[in-house]
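With UniProt numbering applied, the sequence shown corresponds to residues 1 to 202, in that order. A quick write-up on the structure given underneath.
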Amino acid sequence: MLTELAFSAVSLPSLSHPDAERTERQARTRGHAAGYAAGLRAAEKELRERQTVLEAEHAELLRAGRVRIERALEALAAATRAADARALPVLRESEATLAAAAIDLAEAIIGHELSDGDRAARAALGRALGAVPSTDLTSIRMNPSDLALIDPDLRDGAGVDLVADATLHPGDALALLPDGYVDARIGTALDRARAALLGSSS
């Protein structure tokens, strides 16, 4: 015979605490905040590591760039020295040749000018008078043939004694001072020019 079983609802005691929901919310919030903070720390650490790597890469790029620039400057300096070593002797020789040609030309022009006795005599007197004020001069020495060609009015206007000196070439003059003289000879002027030009070219 079958016995009829009847089921009845069993009341189980509640295991939840009245503050459980609030505690669970707080725990969830704390967990979220802790996870967020841990994520931020991890991101900051990764950022610092990446920044360190980038700074090291940048420093290496700068160092490599400086090395390349220094090598390029050294190569340029070496090329300049090589070019100078080839070009300077040629330039010096050219300068010396041009200087010698300039002196030769000057001598030829002066020789032509001296062929006109009147002009050469006036030029010699003009160089001597132009060197210093006539009040400082005691006399001017000139070649006798030049002195003979000087116009009397010009001689009187010179304001200084003009003295014949056969040791001077035509076109030359010496302006005498109380304590020395001014050399207005053409040959001396050419010698000075030659020494200046050829001396600086050698």
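Glycine included, C-beta positions come from ideal geometry on N, C-alpha and C.
In whole angstroms, what separates the C-alpha of residue i from that of residue j?
i, j, result
"Ser145", "Leu125", "13 Å"
"Ala175", "Thr188", "14 Å"
"Arg192", "Leu62", "57 Å"
"Asp165", "Leu88", "47 Å"
"Ala43", "Arg25", "27 Å"
"Asp156", "Thr167", "24 Å"
"Glu74", "Arg81", "10 Å"
"Leu177", "Thr138", "5 Å"
"Ala78", "Glu93", "23 Å"
"Arg122", "Thr135", "19 Å"
"Ala72", "Ala64", "12 Å"
"Leu149", "Asn143", "10 Å"
How would you write the range of the beta strand (DSSP E) that residue i sits in, first residue to last?
i, result
"Arg141", "139 to 142"
Per DSSP, what kind of secondary structure is residue i in: helix, strand or coil?
i, result
"Arg185", "coil"
"Asp191", "helix"
"Asp19", "coil"
With respect to the alpha helix (DSSP H) encompassing residue i, which residues constitute its N-terminal and C-terminal limits?
i, result
"Asp118", "117 to 131"
Any chance the CB of residue i is under 7 Å from a heavy atom of the ligand NAD?
i, result
"Asp156", "Summarising the ligand content, the structure contains no ligands, and the ligand NAD is consequently not present."
Quick one: complete alpha helix (DSSP H) runs, 4+ long, within the region 146 to 183?
Those alpha helix (DSSP H) runs which fall completely within the region 146 to 183 and span 4+ residues are 152 to 157.
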